[in-house]
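First the structure, in the form of structure tokens, and then the observations on it.
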Amino acid sequence: MTIKSPGRSSRALTFACALLLSATAWAQNAPMPAPMPAEIAPPRDIPYPGTLRLDVDATDTIRHIFTVHETVPVHGGEAVVLLYPQWLPGNHSPTGRIDALAGLIVKANGTRIEWTRDPVNVFAFHVNVPTGTDALDLEFQFLSAAENSQGRVMMTQEMLNLQWGAVALYPAGYFARQIPVSASVKLPDGWQMASALETASTADNVTTFKTIDFDNLVDSPLYAGKYFKVLNLGNAGTAPVRLDIMADRPELLEIKPEQEEAHKALLRQLTTLFGSHHFDHYDILLALTERMGGIGLEHHQSSENGTTPVYFTEWDKNADARDLLPHEFTHSWNGKFRRPADLWTPNFNVPMRGSLLWVYEGQTQYWGYVLAARSGLLTKQQALDAFAATAALYDHRVGREWKSLQDTTNDPVAAMRRPLAYRSWQRSEDYYSEGQLIWLDADSLIREMSHGKKSLDDFAGSFFAVNDGSHVPATYTFDDVVAALNAVQPYDWASFLRSRLDGHGPGAPLDGLARSGYKLIYTDTPSDYMKTSEMRRKVLDLTYSLGLIVGAENRLIDVLWDGPAFKLGLTPGTQVIAVNNIAYDAMRFKDAITDAKKTGASIELLVRNGDAFRTVRFDYHDGLHYPHLERDKNAPDRFELILKARK
Numbered sequence: 000m001t002i003k004s005p006g007r008s009s010r011a012l013t014f015a016c017a018l019l020l021s022a023t024a025w026a027q028n029a030p031m032p033a034p035m036p037a038e039i040a041p042p043r044d045i046p047y048p049g050t051l052r053l054d055v056d057a058t059d060t061i062r063h064i065f066t067v068h069e070t071v072p073v074h075g076g077e078a079v080v081l082l083y084p085q086w087l088p089g090n091h092s093p094t095g096r097i098d099a100l101a102g103l104i105v106k107a108n109g110t111r112i113e114w115t116r117d118p119v120n121v122f123a124f125h126v127n128v129p130t131g132t133d134a135l136d137l138e139f140q141f142l143s144a145a146e147n148s149q150g151r152v153m154m155t156q157e158m159l160n161l162q163w164g165a166v167a168l169y170p171a172g173y174f175a176r177q178i179p180v181s182a183s184v185k186l187p188d189g190w191q192m193a194s195a196l197e198t199a200s201t202a203d204n205v206t207t208f209k210t211i212d213f214d215n216l217v218d219s220p221l222y223a224g225k226y227f228k229v230l231n232l233g234n235a236g237t238a239p240v241r242l243d244i245m246a247d248r249p250e251l252l253e254i255k256p257e258q259e260e261a262h263k264a265l266l267r268q269l270t271t272l273f274g275s276h277h278f279d280h281y282d283i284l285l286a287l288t289e290r291m292g293g294i295g296l297e298h299h300q301s302s303e304n305g306t307t308p309v310y311f312t313e314w315d316k317n318a319d320a321r322d323l324l325p326h327e328f329t330h331s332w333n334g335k336f337r338r339p340a341d342l343w344t345p346n347f348n349v350p351m352r353g354s355l356l357w358v359y360e361g362q363t364q365y366w367g368y369v370l371a372a373r374s375g376l377l378t379k380q381q382a383l384d385a386f387a388a389t390a391a392l393y394d395h396r397v398g399r400e401w402k403s404l405q406d407t408t409n410d411p412v413a414a415m416r417r418p419l420a421y422r423s424w425q426r427s428e429d430y431y432s433e434g435q436l437i438w439l440d441a442d443s444l445i446r447e448m449s450h451g452k453k454s455l456d457d458f459a460g461s462f463f464a465v466n467d468g469s470h471v472p473a474t475y476t477f478d479d480v481v482a483a484l485n486a487v488q489p490y491d492w493a494s495f496l497r498s499r500l501d502g503h504g505p506g507a508p509l510d511g512l513a514r515s516g517y518k519l520i521y522t523d524t525p526s527d528y529m530k531t532s533e534m535r536r537k538v539l540d541l542t543y544s545l546g547l548i549v550g551a552e553n554r555l556i557d558v559l560w561d562g563p564a565f566k567l568g569l570t571p572g573t574q575v576i577a578v579n580n581i582a583y584d585a586m587r588f589k590d591a592i593t594d595a596k597k598t599g600a601s602i603e604l605l606v607r608n609g610d611a612f613r614t615v616r617f618d619y620h621d622g623l624h625y626p627h628l629e630r631d632k633n634a635p636d637r638f639e640l641i642l643k644a645r646k
């Protein structure tokens, strides 16, 4: 038995009370969160009372400045919030360049009034409208990038790309489709332009467009340039389709008849596949440039495309660039008309969610290559080589061990396409091309189970072809995709998709290759497709041998996680100075790898990382490795049918 000393409980109670009082005093003196400002009014699906006027002067091509005057109808005596577009369709992320907006002056009846930026949402500007005011006059500039380090270049002395979302503010509290806008643009003397917008009038280099809602204005960018050519590709139903081309130099616009025919065939193959259209006319905007930043961005009635200047004039050297137009054109059906429900938003400042980007982008990536082959933009062999490159890339994507394909749909927000140190481990937007492999798997499985009677073409023709002629987006969910696949070919498609979206390998989902009659192999010779791709990108790709890619200035631009180079401590940014004690040369590097296989010698590199030099030795003797698809005659050649032009 334990006998407590008198007063012990009393002392304990006193101590506890003192501790409580101390904690209370500390809590009273500790910081507490400041109250948040009032939330900005959410968008409502009601008409905006009035039409915005937006006038853009795009003539300052030397300084890369777009000058904007905007008129916003308002009610006097009321506060308004003006929003700058933040969440950009096609980017799937909050990438609006609010930092490039400058010089904002707001006037009411000619008198300047102050605006206040929202302290939480920096894309929002609060304005107290004076009594007796029926419109606000805004003046500001969009300071587009003057060089690549500042972002994508949108304006040069030969051409420009006007994206309306970059040069406009719009009122909060309304669906974007309920805000009418009358827009105009002033261009340099002698320039031609193209856009999905319809022209109301043109005078003195100023083009005024017909009034349109803000949603569709932002979805209708403009290309303009000094050297311009328009090809009429034909009609989708009754809707004309044009290829609008601008270039750095006039000679780059020389197009051979067979090249023009391949682009006309692309339109025929698209309309055959989908059996519908959802536009009054469609403009493929194409910039052939090395001065303006590259782009591939989809819109409902147009697409923004930027590619190598020699796209036409050195046709045989850029096969790897020819899936761009099929991809972006396909988005008119998959992405713009049929759109994931969680990716559709009522205005450009409501967050997007990309859980179905593996359909939106992944299936579009698949159709990009397939349609390129069906139209003659790619040969069958080039398409097979492209699939081989994709299969090898994702078969070595070791980041699949920890990060699922489904999780990469968050990458547009998490990474915003910033450069990554170790992409093979971190992963970035792999829903595009690993998604492509999943849809090849689905296509080949449908063909196998139906004994060739059905294919993914049937899914495309039913899922994307609803409401022919309608411009109104039709949203969908995961269950809708599964139901549409089951309508084509009954199967447990939910499990099929979830296992591939949520799984971790090992290796890429390559069942579609095997079922299509091919297997992935490696040889010591690159395919012509890969060889020209390396030349166009100006890189030396040794991913599947030493686990590295060498880019400009002999610097490593990629290192395969846990590959030979990684294990020797090489990192992106490391500069290769010498190979086996002789100054670096790409062919010398490849010869050293080949010789090491024959002789058993090591491969020695002198490298520089910052100010530090060191020598690394590869004990590697397997030679050069490049991916190819090899025909497996034990399975039918379903690729032959997949890539064959449809009548």
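So for the sequence shown, numbering that gives the first Met the number 0 puts the first residue at 0; every next one is plus one. All C-beta atoms, glycine included, are put in the ideal place defined by N, C-alpha and C. The structure displayed is predicted, hence computed values, not measured ones.
In chain order, what residues of the same chain have a beta carbon less than 6 Å from the beta carbon of residue i, not counting five sequence neighbours either side?
i      : result
Ala391 : Pro626
Asn579 : Ala591 and Glu603
Val229 : Arg241 and Asp243
Ser443 : Gly511, Arg514, Ser515 and Arg637
Leu266 : Leu232, Gly233 and Val240
Leu376 : Ala261 and Arg321
Phe227 : Gln191 and Met245
Whole angstroms is fine: what's the gap from residue i's alpha carbon to residue j's?
i      : j      : result
Asp214 : Asp98  : 22 Å
Leu545 : Lys537 : 18 Å
His91  : Thr389 : 23 Å
Ile581 : Arg416 : 37 Å
Met158 : Trp314 : 22 Å
Thr66  : Pro72  : 20 Å
Glu664 : Val575 : In the structure as shown, the chain begins at 0 and stops at 646. Residue 664 is therefore absent and cannot be evaluated.
Met730 : Leu232 : No statement about residue 730 is possible, as the shown extent of the chain runs from 0 to 646 and does not include it.
Ala564 : Ala441 : 36 Å
Ser601 : Gly572 : 23 Å
Leu559 : Leu519 : 19 Å
Val205 : Trp424 : 50 Å
Glu38  : Val128 : 19 Å
Gly54  : Asp457 : The question names Gly, but residue 54 in the sequence shown is Asp. So the alpha carbons of these two residues sit roughly 45 Å apart.
Gly109 : Val126 : 15 Å
Tyr619 : Gly562 : 11 Å
Lys255 : Thr312 : 9 Å
Pro34  : Trp190 : 53 Å
Phe612 : Gly568 : 13 Å
Gln652 : Phe386 : Outside the shown range of the chain, which is 0 to 646, sits residue 652, and nothing can be said about it.
Gly75  : Ala107 : 10 Å
Arg43  : Phe174 : 6 Å
Glu629 : Ala382 : 13 Å
Thr58  : Phe122 : 26 Å
Met351 : Thr344 : 7 Å
Leu404 : Pro93  : 21 Å
Tyr359 : Gly224 : 31 Å
In chain order, what residues of the same chain lie with their CB nearer than 8 Å to the CB of residue i, ignoring the 5 residues before and after it?
i      : result
His624 : Tyr521, Thr522, Asp523, Tyr543 and Ser544
Arg396 : Ser423, Arg426, Asp429, Glu433 and Ala507
Thr207 : Ser181, Ala182, Ser183, Thr198, Ala199, Ser200 and Thr201
Contact check, residue i vs residue j under 8 Å by CB: the rounded distance?
i      : j      : result
Trp86  : Asn348 : 6 Å
Leu221 : Ile211 : Not confirmed; about 13 Å, so no contact.
Leu640 : Val369 : About 11 Å; that fails the 8 Å criterion.
Leu500 : Trp492 : With a Cβ gap of about 12 Å, Leu500 and Trp492 do not count as contacting.
Arg290 : Thr155 : 4 Å
Using C-beta distances below 7 Å, list every residue in its chain close to residue i, excluding the 5 sequence neighbours before and after it, in chain order.
i      : result
Thr647 : There is simply no residue 647 to check, as the chain begins at 0 and stops at 646 in what is shown.
Thr60  : Met154, Thr155, Gln156, Leu159 and Pro187
When the cut-off is 7 Å and only beta carbons count, does residue i lie next to chain B?
i     : result
Val80 : Among the chains of the structure shown, chain B does not appear; only one protein chain is present.
Please list the segments of the beta strand (DSSP E) lying wholly inside the stretch 328 to 402, counting only runs of 3 or more residues, in order along the chain. The stretch 328 to 402 contains, as complete beta strand (DSSP E) runs of 3+ residues, the segments 337 to 339 (chain order).
Suppose only complete runs of 4+ residues qualify. What are the alpha helix (DSSP H) ranges in the stretch 177 to 254, listed by chain order? With a minimum length of 4 residues, the continuous alpha helix (DSSP H) runs that stay inside the stretch 177 to 254 are 213 to 217.
Under 8 Å, with one C-beta from each stretch per pair, do the stretch 168 to 178 and the stretch 74 to 91 reach the 3-pair mark? The stretch 168 to 178, when compared against the stretch 74 to 91, does touch it at the 8 Å Cβ threshold.
Within the stretch 481 to 533, ranges of the alpha helix (DSSP H) (whole runs, at least 4 residues): Within the stretch 481 to 533, the complete alpha helix (DSSP H) runs of at least 4 residues fall at 492 to 501 and 510 to 514.
Taking one C-beta from the stretch 334 to 342 and one from the stretch 551 to 563 each time, how about it: are there three or more such pairs within less than 8 Å? The answer is no - the stretch 551 to 563 does not touch the stretch 334 to 342, with fewer than three Cβ pairs under 8 Å.
Which runs of the beta strand (DSSP E) fall wholly inside the stretch 102 to 183 and span at least 3 residues, in chain order? Entirely contained in the stretch 102 to 183, the beta strand (DSSP E) runs reaching 3 residues are, in chain order, 110 to 112, 114 to 116, 123 to 127, 134 to 142 and 158 to 161.
Whole runs of the beta strand (DSSP E) within the stretch 45 to 98, excluding any shorter than 3 residues: Entirely contained in the stretch 45 to 98, the beta strand (DSSP E) runs reaching 3 residues are, in chain order, 51 to 59, 64 to 72 and 78 to 82.
On the three-pair Cβ rule with 8 Å, is the stretch 128 to 138 touching the stretch 183 to 198? With contact defined as three or more Cβ pairs closer than 8 Å, the stretch 128 to 138 and the stretch 183 to 198 are not in contact.
Is the stretch 445 to 461 close to the stretch 263 to 281, with three or more CB pairs under 8 Å? Cβ pair count under 8 Å is three or more, so yes.
Say whether the stretch 275 to 289 touches the stretch 300 to 316, bearing in mind that this needs 3 or more beta-carbon pairs closer than 8 Å, one atom from each stretch. By the C-beta criterion, the stretch 275 to 289 is judged to be in contact with the stretch 300 to 316, since at least 3 inter-stretch pairs fall below 8 Å.
Any beta strand (DSSP E) of 3 or more consecutive residues that is wholly inside the stretch 606 to 643: Counting whole runs of 3 or more residues, the stretch 606 to 643 contains the beta strand (DSSP E) stretches 611 to 617 and 625 to 630.
Which whole runs of the beta strand (DSSP E) in the stretch 409 to 479 are 3 residues long or more, in chain order? You should have 473 to 475.
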